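Engineer:
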Amino acid sequence: MRPHRAYHANLEPQISISGIEAAHLRVLRAKIGDSITVFNGAGLEAVGTILEATEHSFTLQLGAAQNTNREPPQPITLAIALLKADKLADVVRASSELGVSSIQLLITQHAEAKDIGTQKLERLRRVATEAAKQCQRNTIPSILEPIALTALTGAGIVAHPHSSRLPREAIQWDAPITIVSGPEGGFSNQEITLLEHKGFTRVTLGQRILRAETAALALLSSITAAEGI
Ligand code: SAM
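If you read the sequence shown in this note's numbering, its first letter stands for residue 1264, the second for the next number, and so on.
1) Only counting runs of 4 or more residues, tell me where the alpha helix (DSSP H) segments fall wholly within the region 1421 to 1489, in order along the chain.
2) Check the DSSP bridge columns for A1352 and list the partner residues they point to.
3) In whole angstroms, what is the alpha-carbon distance linking A1374 and E1385?
4) Does the count of Cβ pairs from the region 1452 to 1467 and the region 1314 to 1326 closer than 8 Å reach three?
5) Which one of T1413, A1411 and T1392 has the shortest CA to CA distance from P1404?
6) List the residues that DSSP assigns as beta-bridge partners of A1309.
7) Classify P1446: buried if its beta carbon has 16 or more other beta carbons within 10 angstroms, exposed otherwise.
8) Answer with buried or exposed for H1425, where buried requires no fewer than 16 other C-beta atoms within 10 angstroms of its C-beta.
9) Could you check whether the Cβ of L1345 sits closer than 7 Å to any heavy atom belonging to the ligand HEM?
10) Would N1401 be called buried (16 or more neighbouring beta carbons within 10 Å of its own) or exposed?
11) Is it right to say Q1367 is buried, meaning 16 or more other beta carbons lie within 10 angstroms of its own, or is it exposed?
12) Have a look at S1298 and L1325 and give me their C-alpha separation to the nearest angstrom.
13) Going by other Cβ atoms of all chains shown within 10 Å of its Cβ, with 16 needed for buried, is E1408 buried or exposed?
14) In whole angstroms, what separates the C-alpha of P1555 from that of D1349?
15) Could you pull the DSSP bridge partners for G1419 from this structure?
16) Just to confirm my understanding: we take N1273, look at its own chain, exclude 5 residues before and 5 after, and list those with CB closer than 8 Å. What are they?
17) Taking 8 Å as the cut-off, does the region 1281 to 1295 touch the region 1304 to 1311 (at least 3 CB pairs, one atom from each stretch)?
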């Protein structure tokens, strides 16, 4: 059986795991002597053994930290218009599994929400950590506070219905990539023009109109899962 995984920011030779991570280990019935893989969310993992288990914490002896890279060749930012919190959580979970490096929340003209509270943002960060743990990824995607579409930087592609180019044809893998996906109400003409002026290429996700949360994941998977990275 594969060792359980836990997140801890510091991979020192001896660590103490408490809080939510300890609660998860308890649910998994982890016990003294069990092997656990601990990852630091910034690319490193170390295999350890449980030395001590109490009601609230686990003490682990860790081996050397290894840089086990399961990342795409360039960091990918998914810039996504604000959706309702439960839909965003689904997008964060699945896009973390699909290899996104960061998720930039966007305020757009037709976005379903105009802001997101600190608690919801923290919950999304927790979802990203859990997804990284589950999919054997050692890097936790960043969830970035909402910005206006006008403030978006980077270069890449924007999903827009009735476009002609395919995502993989429009992607340049020589620099970090930003992929942009719209709200349920779509981007306005003005927003699409602005994105094109910023250097984003419109791409299609097929002949059907996808829901906003489906579109974001289809866009990301078309350049990661579909390419085997
Ligand atoms: N009536 C809206 C429009 O025409 O843009 C539909 C918006 S769609 C429900 C939500 C978002 O998903 C769009 O803004 C776009 O980013 C993306 N999307 C959905 N289907 C798409 C497709 N077939 N090709 C490209 N992008 C798509």
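Positions of the beta carbon are idealized from the N, C-alpha and C atoms, including for glycine.
This structure is a prediction, so every number in the text was calculated from the model and none was measured.
Structural biologist: Result, derived from the coordinates:
1) Scanning the region 1421 to 1489 for uninterrupted alpha helix (DSSP H) segments of 4 residues or longer gives 1430 to 1433, 1452 to 1461 and 1475 to 1486, listed from N- to C-terminal end.
2) For the purposes of this step, residue 1352 is identified with residue 89 of the sequence shown, where counting begins at 1. Secondary-structure assignment with DSSP links A1352 through no beta bridge to anything.
3) The residue you call residue 1374 lines up with position 111 of the sequence shown. The residue you call residue 1385 lines up with position 122 of the sequence shown. Rounded to the nearest angstrom, the gap between the Cα atoms of A1374 and E1385 is 20 Å.
4) Flag = no, the region 1452 to 1467 and the region 1314 to 1326 do not touch.
5) Start at 1 with the first residue of the sequence shown, and residue 1404 comes out as number 141. Just measuring C-alpha positions, the residue of T1413, A1411 and T1392 sitting nearest P1404 is T1392.
6) Working through the sequence shown from its first residue, we reach residue 1309 at position 46. BP columns for A1309 point to V1301.
7) Residue mapping note: residue 1446 aligns to position 183 of the sequence shown, counting from 1. Under this definition P1446 is a buried residue.
8) In the sequence shown, residue 1425 corresponds to position 162, counting from 1. H1425 is exposed by the Cβ-count criterion.
9) What this structure holds is the ligand SAM, not the ligand HEM.
10) Stepping through the sequence shown from its first residue, residue 1401 is reached at position 138. The residue in question, N1401, is buried, as its Cβ has 16 or more Cβ neighbours within 10 Å.
11) Sequence index remark: in the sequence shown, residue 1367 carries index 104 (1-based). Counting the other CB atoms within 10 Å of its CB gives Q1367 a total of 16 or more, which places it among the buried residues.
12) In the sequence shown, residue 1298 corresponds to position 35, counting from 1. In the sequence shown, residue 1325 corresponds to position 62, counting from 1. Between the alpha carbons of S1298 and L1325 lies a gap of roughly 10 Å.
13) Numbered from its first residue, the sequence shown carries residue 1408 at position 145. The residue in question, E1408, is exposed, as its Cβ has fewer than 16 Cβ neighbours within 10 Å.
14) Nothing about residue 1555 can be read from this structure; the chain reaches only from 1264 to 1492.
15) Counting from one through the sequence shown, the residue named residue 1419 turns up at place 156. T1441 and F1463.
16) Within the sequence shown, numbered from 1, the residue matching residue 1273 stands at position 10. Correct list, in chain order: N1303.
17) Contact fails: fewer than three Cβ-Cβ distances are below 8 Å.
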